[in-house]
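Comments concern the structure below.
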Amino acid sequence: MTAPARTARATGARPARSSEELIRAEDSSLAHNYHPLPVVVSRAEGVWVWDVEGRRYLDMLAGYSALNFGHRHPALVEAAHRQLDQLTLTSRAFHNDRLAGFAEGLARLTGLEMVLPMNTGAEAVESGIKLARKWAYEVKGVAPDQATIVVADGNFHGRTTTIVGFSSDPVAREGFGPFAPGFRVVPYNDLAALEAAVDETTAAVLIEPIQGEAGVLIPDDGYLRGVRDLTRRAGALFIADEIQSGLGRTGTTLAVDHESVRPDVLLLGKALGGGIVPVSAVVADRAVMGVLRPGEHGSTFGGNPLAAAVGSAVVDLLSTGEFQSRAAELGQVLDAGLSALHGRGVAGHRCRGLWAGVDVDPALGTGREIGERLMREGILVKDTHGSTIRLAPPLTITREELEASLASLEKVLG
Ligand SMILES: *Cc1c(COP(=O)(O)O)cnc(C)c1O
Numbered sequence: 000m001t002a003p004a005r006t007a008r009a010t011g012a013r014p015a016r017s018s019e020e021l022i023r024a025e026d027s028s029l030a031h032n033y034h035p036l037p038v039v040v041s042r043a044e045g046v047w048v049w050d051v052e053g054r055r056y057l058d059m060l061a062g063y064s065a066l067n068f069g070h071r072h073p074a075l076v077e078a079a080h081r082q083l084d085q086l087t088l089t090s091r092a093f094h095n096d097r098l099a100g101f102a103e104g105l106a107r108l109t110g111l112e113m114v115l116p117m118n119t120g121a122e123a124v125e126s127g128i129k130l131a132r133k134w135a136y137e138v139k140g141v142a143p144d145q146a147t148i149v150v151a152d153g154n155f156h157g158r159t160t161t162i163v164g165f166s167s168d169p170v171a172r173e174g175f176g177p178f179a180p181g182f183r184v185v186p187y188n189d190l191a192a193l194e195a196a197v198d199e200t201t202a203a204v205l206i207e208p209i210q211g212e213a214g215v216l217i218p219d220d221g222y223l224r225g226v227r228d229l230t231r232r233a234g235a236l237f238i239a240d241e242i243q244s245g246l247g248r249t250g251t252t253l254a255v256d257h258e259s260v261r262p263d264v265l266l267l268g269k270a271l272g273g274g275i276v277p278v279s280a281v282v283a284d285r286a287v288m289g290v291l292r293p294g295e296h297g298s299t300f301g302g303n304p305l306a307a308a309v310g311s312a313v314v315d316l317l318s319t320g321e322f323q324s325r326a327a328e329l330g331q332v333l334d335a336g337l338s339a340l341h342g343r344g345v346a347g348h349r350c351r352g353l354w355a356g357v358d359v360d361p362a363l364g365t366g367r368e369i370g371e372r373l374m375r376e377g378i379l380v381k382d383t384h385g386s387t388i389r390l391a392p393p394l395t396i397t398r399e400e401l402e403a404s405l406a407s408l409e410k411v412l413g
C-alpha cells in the first residue's frame, strides 16, 4: 500500500481501498445490473472527475445528462447547502415554502401551466401515463379501461414493469413479464405508421424528441411538428419525454423547440436535479393536469423542499439562455470535429447541441472497447449499443476541453 495521493484525501478511520479492491468488493456485494467501466470516481468538479488513485478524467457522459451544469456547480451546491440548513422534507401532507417558486419557475421556463413533481425519470413517465389515461376517460370519453398509448420502437423511458413492457430492447424486457396492456409500438420517425396506430382509444402519443439510448437518433425535420398536428387532429395528447434531451442539452431549452412545437405533456428529469438529488416533473396545461384530484397520485419525496430548492436553482441557470447558447455553439465544434473523423474510424454520427451518437467503425472494436481505450486516455464515455458511443459533456465544457476530447477520440481510433 504505497499510494500517497490517497492518504491526502483519507476520510474517517477506515483505510482507503484501491480502485481494484473496491471493484472486487462491489462485485461480490452489489447487484450486477450494470457493467461499469473500471474507474472508481471519488471526487469531481465541473467537467472533471478524479479516481481514488488521483487520476483525472474528462466526463463526457455527464450522468446521462443529469450533470448538464457539470459536477457541483457552485450555484446548485449553494442552493442545496442553504436548503439543508433550513428544511429537507415535509411530505406533501403539508405545504413547504420552496415548492411554489419551483413550480412557477418551471412552468415559466417550459411555457406550460402546471407542474407535478416526482423524483426519478421513470416516475415522471409513469405519472404521464396515468395522467393521459385519466384525461382520456374524463375528457376525451374513452370507454373504461380501453385507453391506448402509442410509443415508438427503440424507445427508452425507464425501467419499471409497465415501461419495459413497451420497450423493444429484449435485454430490458425478457424475464420481466407479464406486462401492462394498452400500448402500441410504431416505428420511430414514421408519421404514416403513427397515423395508422392512432384511433378513438388513443390517450396519448409518447415519444422522445431525440432517442438518446437508441444512439442519439434525431428524427427528420418536420416529424415533431407532424406528431403535434396528428395528435391535435386525433384528439390525443402529445407527451414529450425530454428527460435526457431537455434542459439545454440540444442547444435550446427543450428539444421540441427546434421545431417550435409545444407538447401537451412534458416529462423532465435528470438535469432537473442538478446532479445533486433526483428531481423529475410532469408539466402540462391546466386542462390536462386538472384531471388529477387529491389522493389520486402522489409521492413521499416528490416536491420535497431540497429537491425544489435545487430544481429552482436549475431553472434559474436556464432562464438566461446562456447554457442553451453554449450548447448550440460548442455543438457546432463537436459536429464539425466528428465530421472530420468520418472515414477515419467514424462510420457516421448524429449531433444536436452538445449531444452526439458516434458510430465507430466496427472493425476498430465495440463501443465498450472504445470506451475502455478512451478511459485510458482520460476521457469517460458510455457506449449505447453495438459500436455506437454517446458524447454528452457538461454544457460548461470549454472549447479547448472539447477539442482535446476530440483529439483523444481521433488518437484512440487511429
Ligand atoms: C433516463 C431516462 C428515463 C428514466 O429516468 P430514470 O431517472 O433513470 O428513471 C426516461 N426517459 C428518458 C428519455 C431517459 O433518458
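Using numbering that gives the first Met the number 0, the first residue of the sequence shown is number 0, and each one after it goes up by one.
Think of the CB as a built atom: it goes at the ideal place given N, C-alpha and C, for glycine as much as any other residue.
query	result
Below 8 Å on the Cβ atoms is my guess for S126 versus H296; work out the distance and round it to an integer in Å.	6 Å
Keeping to the same chain, check which residues put their C-beta closer than 7 Å to that of L271; ignore five residues upstream and five downstream.	L246, V278, S279, A280, G310, V313
When the distance is taken between beta carbons, is I242 closer than 7 Å to R349?	no
Using the rule of at least 16 other Cβ atoms within 10 Å of the residue's Cβ for burial, across every protein chain shown, is V215 buried or exposed?	buried
Can a CB atom of chain B be found closer than 7 Å to the CB of H384?	Absent from the structure is chain B; it holds one protein chain and no more.
Can you tell me whether H156 is helix, strand or coil according to DSSP?	coil
Using only alpha-carbon positions, find the residue among G347, R389, G377 that is nearest to G366.	R389
Counting beta carbon pairs with one atom in the stretch 326-342 and one in the stretch 397-407, are three or more of them shorter than 8 Å?	yes
Helix, strand or coil for I128, going by three-state DSSP, please let me know.	helix
Over the uninterrupted beta strand (DSSP E) stretch that includes Y222, give me the two end residues.	Taken as a continuous stretch (DSSP letters only), Y222 belongs to no beta strand (DSSP E), being part of the alpha helix (DSSP H) at 222-233.
What residue ranges within the stretch 339-402 form continuous beta strand (DSSP E) runs of no fewer than 3 residues, ordered along the chain?	345-350, 355-359, 387-390
Given a cut-off of 7 Å, decide if G268 and A123 are closer than it, judged by their beta-carbon atoms.	yes
Take S90 and list the residues in its own chain whose beta-carbon comes closer than 7 Å to its own, dropping the five residues that flank it on each side.	T299
What's the C-alpha gap between S17 and I162?	38 Å
I think R172 touches A121, with their Cβ atoms under 8 Å apart; what is that distance to the nearest whole Å?	In fact, because the Cβ distance is near 15 Å, the residues do not count as touching under 8 Å.
Have a look at L329, V150, V260, T201 and flag the residue whose alpha-carbon is nearest the alpha-carbon of N188.	V150
Got a sec? Which residues, its chain only, sit under 6 Å from T1 by beta carbon, not counting five neighbours each side?	Note that T1 scores a pLDDT of 44, beneath 50, so its modelled location is shaky; the value from the coordinates is reported in the next line. Closer than 6 Å at the Cβ level, and outside the excluded window around T1, lies no residue.
Among the candidates V197, V264, G174, R23, whose CA atom is the shortest distance from the CA of E112?	V264
Mark K410 as exposed unless 16 or more other C-beta atoms lie within 10 angstroms of its C-beta, in which case mark it buried.	exposed
Which residues does DSSP pair with E44 in a beta bridge?	W47
Residues in the same chain with beta-carbon distance under 6 Å from G330, minus the five sequence neighbours each way, listed in chain order, please.	G250, G352, L353
Short of 6 Å in beta carbon distance, which residues of its chain neighbour L190, apart from the five on each side in sequence? Order them along the chain.	G225
Please determine whether the Cβ atom of D434 lies at a distance below 6 Å from any heavy atom of ligand 1.	The chain is shown only over 0 to 413; residue 434 falls outside these bounds and no answer can be derived.
Can you tell me where the beta strand (DSSP E) with V149 in it begins and where it stops?	147-151
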